[in-house]
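Engineer: Sequential numbering from 1 applies to the sequence shown in full-length UniProt numbering. Think of the CB as a built atom: it goes at the ideal place given N, C-alpha and C, for glycine as much as any other residue.
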Amino acid sequence: MRYIDTHNHLDFPEFDADRAAVLARSRALGVQRQVLIGVSEDHWDRLWSLACAEDGLHASLGLHPCFLDRHRPEHLTQLRERLARHAGHEKLCAVGEIGLDYYLEQPDKPAQQALFEAQLQLAREFELPALLHVRRAHADVIAMLKRLRVPRGGIVHAFSGSYEEAREYRRLGFFLGLGGAGTWPQAKRMHRMLAQLSLEDTVLETDAPDMAPASHPGQRNSPEFLPALCTELAKLMGVEPEALAEAGYRNSCRLFGWSA
Numbered sequence: 001m002r003y004i005d006t007h008n009h010l011d012f013p014e015f016d017a018d019r020a021a022v023l024a025r026s027r028a029l030g031v032q033r034q035v036l037i038g039v040s041e042d043h044w045d046r047l048w049s050l051a052c053a054e055d056g057l058h059a060s061l062g063l064h065p066c067f068l069d070r071h072r073p074e075h076l077t078q079l080r081e082r083l084a085r086h087a088g089h090e091k092l093c094a095v096g097e098i099g100l101d102y103y104l105e106q107p108d109k110p111a112q113q114a115l116f117e118a119q120l121q122l123a124r125e126f127e128l129p130a131l132l133h134v135r136r137a138h139a140d141v142i143a144m145l146k147r148l149r150v151p152r153g154g155i156v157h158a159f160s161g162s163y164e165e166a167r168e169y170r171r172l173g174f175f176l177g178l179g180g181a182g183t184w185p186q187a188k189r190m191h192r193m194l195a196q197l198s199l200e201d202t203v204l205e206t207d208a209p210d211m212a213p214a215s216h217p218g219q220r221n222s223p224e225f226l227p228a229l230c231t232e233l234a235k236l237m238g239v240e241p242e243a244l245a246e247a248g249y250r251n252s253c254r255l256f257g258w259s260a
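1) DSSP three-state call for Y3: helix, strand or coil?
2) Helix, strand or coil for N221, going by three-state DSSP, please let me know.
3) Output the residue ranges of the beta strand (DSSP E) runs that lie fully inside the segment 164-252 and measure 3 residues or longer, sorted by chain position.
4) When you compare the CB positions of D207 and G182, do they come within less than 7 angstroms of one another, or not?
5) What does the Cβ neighbour count give for G165, buried or exposed, with the cut at 16 atoms within 10 Å?
6) Taking C-alpha atoms, which residue in G238, E205, L172, H64 lies nearest to R192?
7) Nearest CA to the CA of G154: which residue from A123, Y249, S160?
8) Should Q34 be labelled buried (16 or more other beta-carbon atoms within 10 Å of its own) or exposed?
9) Is the segment 95-107 in contact with the segment 126-142, if contact means three or more CB pairs nearer than 8 angstroms?
10) Measure the C-alpha to C-alpha separation of S259 and E205 and round it to an integer number of angstroms.
11) Does the distance from the CB of N8 to the CB of P213 come in under 7 angstroms?
12) Taking the alpha-carbon positions, what's the L176 to V150 distance?
13) So, under 8 angstroms CB-CB, P65 and H133 are touching, yes? Tell me the CB distance rounded to an integer number of Å.
14) Out of A234, E127, L145, A84, which has the shortest C-alpha to C-alpha gap to residue 305?
15) What first and last residue would you give for the beta strand (DSSP E) that runs through R128?
16) Which residues in the same chain as G161 place their Cβ atom closer than 6 angstroms to its Cβ, once the five residues preceding and following it in sequence are excluded?
17) How about A118 and L76: do their beta carbons lie closer than 7 angstroms?
18) Tell me, to the nearest whole angstrom, how far the beta carbon of E200 is from that of A247; I am working on the premise that it is less than 8 angstroms.
19) If you draw a straight line from the alpha carbon of M1 to that of N251, how long is it in whole angstroms?
20) Suppose you measure from the CA of G173 to the CA of F256; what does that come to, to the nearest Å?
21) Determine the DSSP secondary structure at A84, reduced to helix, strand or coil.
22) Using a Cβ-Cβ cutoff of less than 6 angstroms, which residues in the same chain neighbour R135 once the five nearest sequence positions on both sides are dropped?
23) Looking at the structure shown, is Q106 part of a helix, part of a strand, or coil, going by DSSP?
24) Any chance you could list the alpha helix (DSSP H) runs of at least 4 consecutive residues sitting entirely within the segment 32-91, in chain order?
25) Find the nearest neighbour of H216 within the set W184, G62, F159, judged by alpha-carbon distance.
Shown next as structure tokens:
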């Protein structure tokens, strides 16, 4: 089987000691492409360098809502400059990780919304998919997407909303990123939602080093866990792992404009 990990942080220090070995094991298990996700200005260089140095790695650049206190107004300008500099480059595949997070203690909603809207405008300007982070904010995210209409759509990372919200995102051109959270036995609400999804709705992700699946409790998550994650999710969705893997691969290629 072949896989694409549409969301991870392989550039994070947690992988510094064995990154090459993780990449080798992942490729041997069929993980052909990985999207490395930018979260703040201070590590875009590191992420871009890693993506350019390795076959099958791609970069998404953005300003994450959870790091609002680290972002500065000039970082938006710098993000636009980088997107312009790398426009058309095979390694640049999206704008993200961007979005809204109302799960945070005392979230600054107006500041988050302004940052999110500005980055959605960049996704529109450079005709790139948007990779979204959404926690307890689906209504506001959906409303903004309806108003701004990102032409290339994108992915709702670590989707854990309702089936009705899933349908709204799909109407707006967004795939649902499925990862480790849905594999845990206590995630009953997610299990009910997963059972209703179509293969045409989904892409696969790990969010490594975070959100390890139930098959690897207490471990650093890794792109090499994607095949096991796919098997667990397929069981919950009532489909064969081969079908879910191939749908995730095909949907990812369609979104990012890669040959399948």
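Structural biologist: On the basis of the supplied data:
1) The three-state reading of DSSP puts Y3 in strand, counting E and B together.
2) Looking at N221 - three-state DSSP - the assignment turns out to be coil, as it is neither helix nor strand.
3) The qualifying runs are 174-178, 202-204.
4) Not a contact, by the Cβ cut-off of 7 angstroms.
5) The amino acid occupying residue 165 in the given sequence is Glu; Gly does not appear at that position. Counting other Cβ atoms within 10 Å of its Cβ, E165 reaches 16 or more and is therefore classed as buried.
6) Out of G238, E205, L172, H64, G238 has the C-alpha closest to the C-alpha of R192.
7) The option with the nearest alpha carbon to G154 is A123.
8) Buried.
9) In this structure the segment 95-107 lies against the segment 126-142, because at least three pairs of beta carbons, one per stretch, are closer than 8 angstroms.
10) The alpha-carbon atoms of S259 and E205 are separated by roughly 19 angstroms.
11) The answer is no: Cβ separation not under 7 angstroms.
12) Between the alpha carbons of L176 and V150 lies a distance of about 16 angstroms.
13) Separation of the CB atoms of P65 and H133 is rounded to 6 angstroms, and the pair is thereby assigned contact status at 8 angstroms.
14) Nothing can be reported for residue 305, as the shown portion of the chain is limited to 1 through 260.
15) Residue identity check: residue 128 is Leu in the sequence provided, not Arg. Per DSSP, L128 belongs to no beta strand (DSSP E) and is neither H nor E.
16) H138.
17) Result yes, Cβ atoms of A118 and L76 sit closer than 7 angstroms.
18) Contact holds; Cβ gap of about 7 angstroms.
19) In a straight line, the C-alpha of M1 is about 15 angstroms away from that of N251.
20) Roughly 12 angstroms between the two C-alpha positions.
21) The answer is helix: DSSP assigns A84 an H, G or I state.
22) Within its own chain, the residues whose Cβ lies closer than 6 angstroms to the Cβ of R135, once the five positions on either side in sequence are excluded, are D101, Y103, listed in chain order.
23) Annotated three-state conformation of Q106 is coil, per DSSP.
24) If we require 4 residues or more, the alpha helix (DSSP H) runs fully inside the segment 32-91 come out as 44-53, 73-85.
25) Per the Cα distances, W184.
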